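Participant: Quick note: the sequence shown, position 480, residue 480 per this note's numbering, numbers continuous.
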Amino acid sequence: MNKLIKILLFIIFINVGLSQNNSPRKINNVNLIGVESFDKKQISNTLRIHQAGFLKKMDFDRRLIKLDAINIKTFYVSEGFLGVIVKDSVTITKDFVDVYFIISEGKQYFIRSVTITGNKSFSQSTISKILGLKLHKAYNPVKTNSNYNLLEDHYRKIGKLFATINISDAIMDSADINILISEGSDVYINNTYLTGLGIIDTLIIQRELLFNKGDKYNQSDIHNSQRQLLQTGIFSVANITPVKLAKSDSLVNLLVELRPFKQHEWLSEGGYYPIEYYEGTEPVPGAGVLTEWRNRSLIHSGTSLSLKLSGQTLISNNTLNPKLRFDISLANPWLYKFRIPTRTQIYLESFKDYISLGAPYVTRYGIELINTYFLDQIERRSYIETRLYLDRFSRKDYLQPDTTLLLNSMNGSESSRKINVEKHSFEINLRVDKSDNILYPTNGFVYLGQLNRTGGILGGNRDFFKLDFGIRGYQPIYKDIILAGRIQYGMIIGWNADYHDYLYDKFYLGGSNSLRGWDMLRYRTDSNNLPVGDIIRILNNWEIRFPLFWILGGEIFVDGGHIYDSYENISLSDISWDSGFGMTLATPLGPVRLDVAHPIEKNTGWQVQLGVQYIF
Numbered sequence: 001m002n003k004l005i006k007i008l009l010f011i012i013f014i015n016v017g018l019s020q021n022n023s024p025r026k027i028n029n030v031n032l033i034g035v036e037s038f039d040k041k042q043i044s045n046t047l048r049i050h051q052a053g054f055l056k057k058m059d060f061d062r063r064l065i066k067l068d069a070i071n072i073k074t075f076y077v078s079e080g081f082l083g084v085i086v087k088d089s090v091t092i093t094k095d096f097v098d099v100y101f102i103i104s105e106g107k108q109y110f111i112r113s114v115t116i117t118g119n120k121s122f123s124q125s126t127i128s129k130i131l132g133l134k135l136h137k138a139y140n141p142v143k144t145n146s147n148y149n150l151l152e153d154h155y156r157k158i159g160k161l162f163a164t165i166n167i168s169d170a171i172m173d174s175a176d177i178n179i180l181i182s183e184g185s186d187v188y189i190n191n192t193y194l195t196g197l198g199i200i201d202t203l204i205i206q207r208e209l210l211f212n213k214g215d216k217y218n219q220s221d222i223h224n225s226q227r228q229l230l231q232t233g234i235f236s237v238a239n240i241t242p243v244k245l246a247k248s249d250s251l252v253n254l255l256v257e258l259r260p261f262k263q264h265e266w267l268s269e270g271g272y273y274p275i276e277y278y279e280g281t282e283p284v285p286g287a288g289v290l291t292e293w294r295n296r297s298l299i300h301s302g303t304s305l306s307l308k309l310s311g312q313t314l315i316s317n318n319t320l321n322p323k324l325r326f327d328i329s330l331a332n333p334w335l336y337k338f339r340i341p342t343r344t345q346i347y348l349e350s351f352k353d354y355i356s357l358g359a360p361y362v363t364r365y366g367i368e369l370i371n372t373y374f375l376d377q378i379e380r381r382s383y384i385e386t387r388l389y390l391d392r393f394s395r396k397d398y399l400q401p402d403t404t405l406l407l408n409s410m411n412g413s414e415s416s417r418k419i420n421v422e423k424h425s426f427e428i429n430l431r432v433d434k435s436d437n438i439l440y441p442t443n444g445f446v447y448l449g450q451l452n453r454t455g456g457i458l459g460g461n462r463d464f465f466k467l468d469f470g471i472r473g474y475q476p477i478y479k480d481i482i483l484a485g486r487i488q489y490g491m492i493i494g495w496n497a498d499y500h501d502y503l504y505d506k507f508y509l510g511g512s513n514s515l516r517g518w519d520m521l522r523y524r525t526d527s528n529n530l531p532v533g534d535i536i537r538i539l540n541n542w543e544i545r546f547p548l549f550w551i552l553g554g555e556i557f558v559d560g561g562h563i564y565d566s567y568e569n570i571s572l573s574d575i576s577w578d579s580g581f582g583m584t585l586a587t588p589l590g591p592v593r594l595d596v597a598h599p600i601e602k603n604t605g606w607q608v609q610l611g612v613q614y615i616f
């Protein structure tokens with residue numbers, strides 16, 4: 001018996017090994033037979049399989065072919081071909097497979113009539129529009145069924161929680177649609193019950209609820225209350241369920257089911273991502289690691305406490321430029337009686353000022369008060385943010401840019417001095433995001449604006465206004481090929497020529513996030529090849545982004561920009577341009593870019609730029 005088992009295991013082992021050695025067959029051609037009413041490209045765009053191309057050959061998978069047959073049928077049904085028949089078959093020749101979809105389209109049905117009865121709260125035209133029903137247009141039962149829940153939501157928003165909707169059709173030469181609606185009574189909220197609170201104060205939950213006892217039931221208020229509960233950062237689950245009273249058809253109790261996060265938590269993360277190394281410049285790519293201890297509900301309240309320790313480094317000119325930062329922050333979604341997320345943060349950081357002579361270490365510390373009002377409460381991508389920060393900056397600076405003095409300072413000679421800068425600022429940031437995706441935008445616009453007032457009644461030893469405005473746009477030009485553009489204009493008013501720009505408040509260009517044909521921040525340099533900034537900046541970037549294969553994409557681009565020392569000297573003819581190309585690797589956190597660019601006017605060679613996320 002044991003010998004028989006060993007023989008069977010041996011046979012199984014051999015078969016598995018042989019199957020592993022056989023390379024999978026590749027799809028050669030995908031053929032659509034019987035397509036008469038549509039362009040074959042329309043049908044091909046619904047398929048998950050594709051035929052062999054120059055750089056891409058897809059493995060044969062019979063399950064995907066069956067799914068694509070269903071996709072083709074769904075497409076036809078959505079266009080009114082209710083009796084369509086789709087069959088699939090394959091022919092196998094050596095290592096390749098030819099796939100065939102045989103389509104019998106049948107008759108296309110159009111809507112002849114729509115009859116709605118029982119509706120009182122909404123007009124017939126409104127209901128037809130919600131369900132996607134239009135006379136003399138192709139009947140699309142797929143869309144009608146998918147929009148059924150939308151019509152239910154419309155009734156629930158006006159208190160008709162128990163409304164019933166029945167949709168039927170009669171198919172003859174055309175489609176006659178019948179909709180029977182029973183709206184029922186208006187429903188009101190009786191009592192609200194909370195479960196799963198643990199040790200959290202009930203007042204924290206109650207102030208997030210947008211309804212009270214006696215209010216008419218409104219589905220929007222329910223969803224928004226759930227969203228606000230989750231946005232407190234205390235709960236991982238927040239469900240609100242209506243429960244009908246046994247002896248009433250117009251009253252419901254609401255059950256709020258909560259599941260808190262672990263109150264005390266250690267978090268850590270690391271990687272290569274955009275780093276705000278200098279307060280006044282665009283984020284630049286760098287490597288970093290972060291460790292955080294978080295108390296999600298300080299003293300069982302709605303205030304969270306966070307302690308963060310982060311280490312970051314930039315790699316430039318073949319040197320490592322480290323930065324160490326420690327933060328203590330308190331955050332609360334409410335500011336007094338208004339729901340405006342507010343964070344107070346105390347920070348201390350030390351970093352190597354790599355773009356100054358001698359690369360001294362800098363100590364910076366201060367306090368920030370940040371308020372954020374979200375213009376879009378659901379996706380929270382559009383907002384107005386205000387920041388008040390009191391910042392102190394100190395470092396050892398050399399008296400003269402002279403090599404001898406630099407060497408003496410390293411030997412302990414008195415050739416250096418302590419520099420202290422106090423910067424007290426109030427800043428307003430506006431972002432209006434109308435794009436379709438925050439990481440991989442393909443359509444829409446993003447509008448950006450910043451107003452910074454430093455000094456004045458706030459004090460400190462810096463006094464100026466800084467304004468920065470920009471617009472970003474995305475437009476498909478052919479299938480998955482996207483044209484993307486960005487235009488930015490910034491200016492500083494009241495900058496004193498005696499200020500040394502220790503905090504890099506001026507505008508700088510160069511690097512993976514601005515002009516890619518120049519090294520980081522080195523579009524303009526002094527005699528020591530150190531970055532030079534100015535008070536006015538014009539920048540525009542244009543890209544064509546396209547997929548290649550797998551998770552790889554490509555881009556070709558042109559960047560243009562210039563910085564000016566006065567308004568009188570602004571001239572568009574002074575703008576410098578670079579051009580280049582790049583590859584992107586898609587990740588869940590956004591694309592990783594490898595760009596290669598060179599200035600158009602000057603033959604200074606190619607710059608290789610590594611970036612995280614799209615340049616805009």
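We treat Cβ as the ideally placed atom computed from N, Cα and C, and that holds for glycine.
Owing to the predicted nature of the structure, the values given are computational and were not obtained by experimental measurement.
DSSP state of residue 619, grouped into three classes?
Facilitator: Any question about residue 619 goes unanswered here, given that the chain covers just 1 to 616.
Participant: Do you know how far the Cα of residue 598 is from the Cα of residue 517?
Facilitator: 4 Å
Participant: Is residue 343 near residue 370, with beta carbons less than 9 Å apart?
Facilitator: yes
Participant: Give the list of continuous beta strand (DSSP E) stretches no shorter than 3 residues that lie fully inside the region 474 to 528.
Facilitator: 481 to 493
Participant: When DSSP builds the beta bridges, which residues end up paired with residue 266?
Facilitator: In the DSSP secondary-structure assignment, residue 266 is bridged to 293.
Participant: Entirely within the region 132 to 187 and at least 4 residues each: give me those alpha helix (DSSP H) ranges in chain order.
Facilitator: 141 to 146, 148 to 156
Participant: Where residue 611 and residue 512 are concerned, what is the direct C-alpha to C-alpha distance, given to the nearest angstrom?
Facilitator: In this model, residue 611 and residue 512 are separated by some 6 Å (Cα to Cα).
Participant: Is residue 252 closer than 9 Å to residue 258 when the C-beta atoms are compared?
Facilitator: no
Participant: Where does residue 351 sit, in a helix, a strand or coil, going by DSSP?
Facilitator: strand
Participant: Please name the residue, chosen from 126, 173, 29, 139, that lies closest to residue 150 on a Cα-to-Cα basis.
Facilitator: The option with the nearest alpha carbon to residue 150 is 126.
Participant: Just the Cα atoms here: how many angstroms apart are residue 212 and residue 221?
Facilitator: 10 Å
Participant: With distances taken Cα to Cα, identify the nearest neighbour of residue 543 among 582, 508, 31.
Facilitator: For residue 543, the nearest C-alpha among the options comes from 582.
Participant: Just confirm the distance between the C-beta atoms of residue 79 and residue 108, as a whole number of angstroms; I'd bet it's less than 8 Å.
Facilitator: 7 Å
Participant: For residue 425, list the residues DSSP reports as bridge partners.
Facilitator: For residue 425, which the question treats as bridged, DSSP gives the partners 389, 454.
Participant: Tell me the residue span of the alpha helix (DSSP H) that contains residue 68.
Facilitator: 62 to 78
Participant: Pull up the distance between the alpha-carbon of residue 86 and that of residue 133, whole angstroms please.
Facilitator: Each residue's alpha carbon lies about 26 Å from the other.
Participant: Below 8 Å, how does it come out for the region 543 to 555 and the region 521 to 533: are there three or more Cβ pairs, yes or no?
Facilitator: no
Participant: On a CA-only basis, which of 148, 341, 181, 176 is nearest residue 303? Give me that one, please.
Facilitator: Distance check between residue 303 and each of 148, 341, 181, 176 places 341 closest, using alpha-carbon atoms only.
Participant: What residue range is occupied by the uninterrupted alpha helix (DSSP H) comprising residue 221?
Facilitator: 219 to 231
Participant: Starting from residue 254, trace the beta strand (DSSP E) in both directions and tell me its first and last residue.
Facilitator: 251 to 260
Participant: Quick one: what does DSSP say residue 300 is sitting in, helix, strand or coil?
Facilitator: helix
Participant: Tell me the DSSP bridge mates of residue 562?
Facilitator: Beta-bridge annotation (DSSP): residue 562 is paired with 538.
Participant: What's the call for residue 143, buried or exposed, on a 16-neighbour Cβ count within 10 Å?
Facilitator: With a 10 Å radius around the Cβ and a threshold of 16 neighbouring Cβ atoms, residue 143 comes out exposed.
Participant: According to DSSP, is residue 124 helix, strand or coil?
Facilitator: helix
Participant: Ignore the nearest five residues each way along the sequence and tell me which others in residue 201's own chain have a CB closer than 6 Å to its CB.
Facilitator: 300
Participant: With H, G and I counted as helix, E and B as strand and the rest as coil, what does DSSP make of residue 88?
Facilitator: strand
Participant: Cα-Cα, which of 465, 555, 484, 163 is closest to residue 249?
Facilitator: 163
Participant: List the residues that DSSP assigns as beta-bridge partners of residue 371.
Facilitator: 342, 386
Participant: In the structure shown, what three-state DSSP assignment does residue 206 receive?
Facilitator: helix
Participant: Report yes if the C-beta distance between residue 256 and residue 193 is below 9 Å; otherwise report no.
Facilitator: yes
Participant: According to DSSP, what are the bridge partners of residue 420?
Facilitator: Partner(s): 394.
Participant: For residue 233, which residues of its own chain have a beta-carbon under 7 Å away from its beta-carbon, when the five flanking residues on both sides are left out?
Facilitator: 296, 304
Participant: Does the region 462 to 469 come close enough to the region 485 to 504 that 3 or more CB-CB pairs lie under 8 Å?
Facilitator: Contact between the region 485 to 504 and the region 462 to 469 is present, because at least three Cβ pairs lie under 8 Å.
Participant: Can you give me the start and stop residues for the alpha helix (DSSP H) that residue 43 sits inside?
Facilitator: Per DSSP, the continuous alpha helix (DSSP H) segment holding residue 43 begins and ends at 40 to 44.
Participant: Identify every residue that forms a DSSP beta bridge with residue 593.
Facilitator: 584, 611
Participant: Check each candidate in 456, 284, 604 and name the one with the smallest Cα separation from residue 593.
Facilitator: Residue 593 has its Cα closest to that of 284, out of 456, 284, 604.
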